[in-house]
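Note sheet for the following structure.
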Amino acid sequence: MSAGDPRRLILVLGDQLSPALSSLAGAVPGRDVVLLAEVAEEASYVRHHKQKLVLVFSAMRHFADELRALGHAVDHVPLDAPGNTGSLRGEAARALARHGLAALIVTEPGEYRLAAEMTGWPAALGVPVEIRPDTRFLCSRSEFARWARGRRTLTMEYFYRDMRRRTGLLMEGDAPAGGRWNFDAENRAPLPAGAGLPARRRFEPDAVTAEVMALVEARFGDHFGTLEGFGWPVSRAEAEAARDHFLAECLPGFGRFQDAMARGQPFLHHALVAAALNLGLLDPMDLCRRAEGAFRAGTAPLAAVEGFIRQILGWREYVRGIYWHTMPGYADRNALAADRPLPDFYWTGETDMACIAEVVRQTRDLAYAHHIQRLMVTGNFALLAGIAPAEVNEWYMIVYADAYEWLELPNTHGMALYADGGLLGTKPYAASGNYIDRMSDYCGDCAYDVRERLGPGACPFNYLYWDFLMRNDGRLKGNRRLAMPYATLSRFPPERRDAIARSARAFRERIGIERDRQESHHA
Ligand code: DLZ
Ligand code: SF4
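The sequence shown begins at 905 in my numbering and counts up by one.
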């Protein structure tokens, strides 16, 4: 830029905490000002878990210091600053005036909601607003659109293979390392009884985090979640320490037990890097290269490393691509016409289903659950019980420290609930209690019997599963991947089908989500 160009305000959002961010490229220390603003609007557009709020605010404060150390002029506005307008636009306007600046630069936000709002900013703020692509992703929005164009189905597996070829990760020339693209079949073992687990690193809240914790309790004390166990990494140094711990201690066992669940063991071998990664404290390509390095050095097996890289290079990029490719219409789809309210126990954990109680309580205390708990326990239950996607989506957005809509929506709406009608997954991830019993030790501690099929003592997942298939047979019967269960269902005598529907209805009444149906039934 030349000396005559206006001095600029660079707005860095709470999940853009990377020094290599596109909006910071070319920033001139002493001319341009970087704004980080804690605002009530972002903290409450959904009622985020308290740990998520603490994580974002504390990480923003640490990042402000990091940028100052790099020589940037940083204006950080705390949530409780006098005159804080409570909105990003309001804080941008105040900062432009405060510093006498005449232009705004921002890296595109991750969420459609905010991106749509920003289109009105040039008029509202009276200055030019430059919105730059987010180059931290490995597949840009336009590259994804090019990949998707003309394809009949947007299968993750093919996207992932292209990304492997493009990046050269785990490639031997043109071929995948080990001769296969996918090692999922080796990654489905339950945890053997008495198996040793790696110790986990917890990051004690420092003075900055402690101050934010007090602020969040005071302002958002009625949000879901507890703060006592807060142990997320909040700075780049901590995030990198968490990353290194994972690579050294957990990655070797990550693949094999990726889908396992165990009572009192929320973390198993999982990476716990999504929260830091989605804030910008870690870099996805760097993570993948380091994981690949562990395979090349012989410290982690290929199946584990491939499984991990598939999550970052494959799923994470793919869901972000799908999100921007399909929004805003994506969120409104409801392919299975599911319309029941979210049961209270998603908030209280008070249910006699041991699996759900475990996952919800852990979620309350840690703002974390691993992918199979999210997909096959709370997600699967919501799918089988016919809970309205909008309510389920909001729950996932609120309760997980790593959740932003660009990844939460495709994962919940598409993958867990099949609300997109199969755009993302080829069939609903519906499963009976048998799956949970095979992959966990939850059922041994449950008031219900996972082997019982019907009646008040039976595992609710069992009759809800068949009830789900019966209720949706008009929509799902033609799905080839469901041919087996529908063939089984077709052999059930009418009395058995009636008994399944009765058990399912009685259960839904018991948990208070059958109300609407009953009223219309009596009307
Ligand atoms: C999640 C979040 C929260 C809780 N608070 C803030 C904030 O006060 N200021 C801010 O700039 N960003 C915050 N964020 C992250 C934004 O919600 C996120 O940038 C958008 O949802 C786009 O992904
Ligand atoms: Fe969950 Fe059913 Fe097992 Fe109970 S028996 S823990 S409800 S799967």
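For every residue, glycine included, the Cβ atom is placed at its ideal position computed from N, Cα and C.
Contained alpha helix (DSSP H) runs [length at least 4] in the region 983–1042, N- to C-terminal order | 992–1003, 1016–1022, 1025–1029
Going straight from the alpha carbon of arginine 1244 to that of glutamate 1418, what length do you get?
-> 7 Å
Where does aspartate 1248 fall in DSSP's three states?
-> Here aspartate 1248 carries a coil assignment [DSSP, helix/strand/coil].
To which residues does DSSP link proline 1080 through a beta bridge?
-> Met1075
When every heavy atom of ligand 1 is checked, does at least one fall within less than 8 Å of the C-beta of tryptophan 1228?
-> no
Pull up the DSSP beta-bridge partners for arginine 1379, would you.
-> Bridge partners of arginine 1379: none, in fact.
Is the closest heavy atom of ligand 2 to the C-beta of tyrosine 1367 under 8 Å?
-> no
Where the alpha helix (DSSP H) through aspartate 979 begins and ends = Segment 977–981 is the beta strand (DSSP E) holding aspartate 979; no alpha helix (DSSP H) there.
Cβ contact check for the region 1005–1013 and the region 1026–1046: 3 or more pairs under 8 Å | Cβ pair count under 8 Å is three or more, so yes.
Buried or exposed: where does lysine 1331 fall if 16 or more other Cβ atoms within 10 Å of its Cβ makes it buried?
-> exposed
For isoleucine 914, the first and last residue of its enclosing alpha helix (DSSP H) = Premise fails: isoleucine 914 lies in the beta strand (DSSP E), 912–915, not in any alpha helix (DSSP H).
Kindly list the residues whose CB is nearer than 8 Å to the CB of threonine 1230, restricted to its own chain and excluding five residues on each side of it in sequence; keep chain order.
-> Hits under 8 Å: Asp1324, Leu1327.
Alpha carbon of leucine 1131 to alpha carbon of serine 962, nearest angstrom = 13 Å
Can glycine 1168 be considered in contact with ligand 2, in the sense that its beta carbon sits closer than 8 Å to one or more heavy atoms?
-> no
First and last residue of the beta strand (DSSP E) that includes alanine 941?
-> 937–941
Below 9 Å between beta carbons: does that hold for glutamate 1142 and phenylalanine 1107?
-> Yes. Within cutoff.
Touching or not, the region 965–979 and the region 1020–1037, by the rule of three or more beta carbon pairs under 8 Å?
-> They do not touch, by the three-pair rule.
Is alanine 985 near ligand 1, going by C-beta to nearest heavy atom under 8 Å?
-> no
Between aspartate 1066 and ligand 4, is the CB less than 8 Å from at least one heavy atom?
-> The model on display carries ligand 1 and ligand 2 but not ligand 4.
Classify lysine 1381 as buried or exposed, calling it buried when 16 or more other Cβ atoms lie within 10 Å of its own Cβ.
-> Label assigned to lysine 1381: exposed.
Mind the definition here: the region 1028–1043 touches the region 1163–1180 only if three or more C-beta pairs lie below 8 Å; say whether that holds.
-> no
By how many angstroms is the C-alpha of leucine 959 removed from the C-alpha of proline 1137?
-> Their backbone Cα atoms lie some 8 Å apart in a straight line.
Who sits around ligand 1, taking every residue whose Cβ is closer than 6 Å to one of its heavy atoms?
-> Taking a cut-off of 6 Å from the heavy atoms of ligand 1, the residues with a C-beta inside it are Leu917, Gly918, Asp919, Ala941, Glu942, Val943, Glu946, Ala947, His952, Leu957, Val960, Leu992, Pro1013, Gly1014, Glu1015, Leu1018, Tyr1308.
How many angstroms separate the CA atom of alanine 1152 from the CA atom of proline 1109?
-> 24 Å
Have a look at the DSSP bridge pairing and note the partners of isoleucine 1291.
-> Its beta-bridge partners are Arg1244.
Span of the alpha helix (DSSP H) holding serine 1046?
-> 1045–1052
To the nearest angstrom, how far is it from the Cα of isoleucine 1429 to the Cα of glycine 1348?
-> No answer is possible for residue 1429: the residues shown for the chain start at 905 and end at 1427.
Coil, strand or helix - aspartate 1088 by DSSP = helix
For proline 1360, is the classification buried or exposed, using 16 other Cβ atoms within 10 angstroms of its Cβ as the cut-off for buried?
-> Label assigned to proline 1360: exposed.
Within the same chain, show all residues whose beta-carbon is closer than 7 Å to that of alanine 1271, passing over the 5 residues directly before and after it, in chain order.
-> His953, Gln955, Lys956, Gly1129, Val1303, Tyr1304, Ala1305
Residue ranges of each alpha helix (DSSP H) within the region 1206–1280, 4 or longer = 1206–1213, 1221–1230, 1249–1252, 1258–1270, all fully within the region 1206–1280.
Could you give the distance in angstroms between the alpha-carbon of tyrosine 874 and the alpha-carbon of alanine 1320?
-> Only positions 905 to 1427 of the chain appear in the structure, and residue 874 is not among them; the question remains open.
Taking the Cβ atom as the reference point for each residue, do alanine 999 and valine 981 lie within a distance shorter than 9 Å?
-> yes
Nearest-angstrom Cα separation, counted from leucine 1095 out to glutamine 1493 = One cannot answer for residue 1493 here, as it falls past the ends of the chain, which runs 905 to 1427.
Might you give, ordered along the chain, the residues of its own chain that have their beta carbon closer than 8 Å to the beta carbon of arginine 1069, omitting 5 neighbours on each side?
-> Met1075, Asp1078
From the DSSP output, in three-state form, read off arginine 1395 for me.
-> coil
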